[in-house]
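First comes the structure, then the notes that go with it.
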Amino acid sequence: MKAANILDTIGNTPHIRLSRMFPDHEVWVKCERANPGGSIKDRIGLSMIEAAEADGSLKQGGTIIEPTSGNT
Numbered sequence: 118m119k120a121a122n123i124l125d126t127i128g129n130t131p132h133i134r135l136s137r138m139f140p141d142h143e144v145w146v147k148c149e150r151a152n153p154g155g156s157i158k159d160r161i162g163l164s165m166i167e168a169a170e171a172d173g174s175l176k177q178g179g180t181i182i183e184p185t186s187g188n189t
């Protein structure tokens with residue numbers, strides 16, 4: 118995949134069929150570790166920022182503060 122910027126890579130993760138684990142069934146998973154930050158949390162973070170920009174609560178050059186409980 119080629120992307121114009123890193124934001125274009127968020128969420129464009131591959132679908133992988135688990136054919137060896139489930140040979141009699143068609144089971145697909147989404148490989149979220151392929152996101153730039155290695156987590157599904159990339160999608161959530163981008164969505165929150167885009168929503169804040171859209172509703173005007175985050176302005177150009179604004180500061181984002183993110184508290185963490187240890188795993189984010």
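In terms of our numbering, the sequence shown opens at residue 118 and continues consecutively.
All C-beta atoms, glycine included, are put in the ideal place defined by N, C-alpha and C.
Values in this document were obtained by computation on a predicted structure and should not be read as measured data.
- Nearest C-alpha to Cys148 among Ala168, Thr180 and Lys158: Lys158.
- From the listed residues Val146, Asp141, Thr185 and Glu170, the smallest Cα separation to Ile133 is found for Val146.
- If you draw a straight line from the Cα of Gly154 to the Cα of Ser164, it comes to about 14 Å.
- One Cα belongs to Asp125, the other to Met118, and the distance between them is close to 10 Å.
- The C-alpha of Gly173 is placed about 31 Å away from the C-alpha of Arg150.
- Under DSSP, His132 takes part in a beta bridge, and its partners are Lys147.
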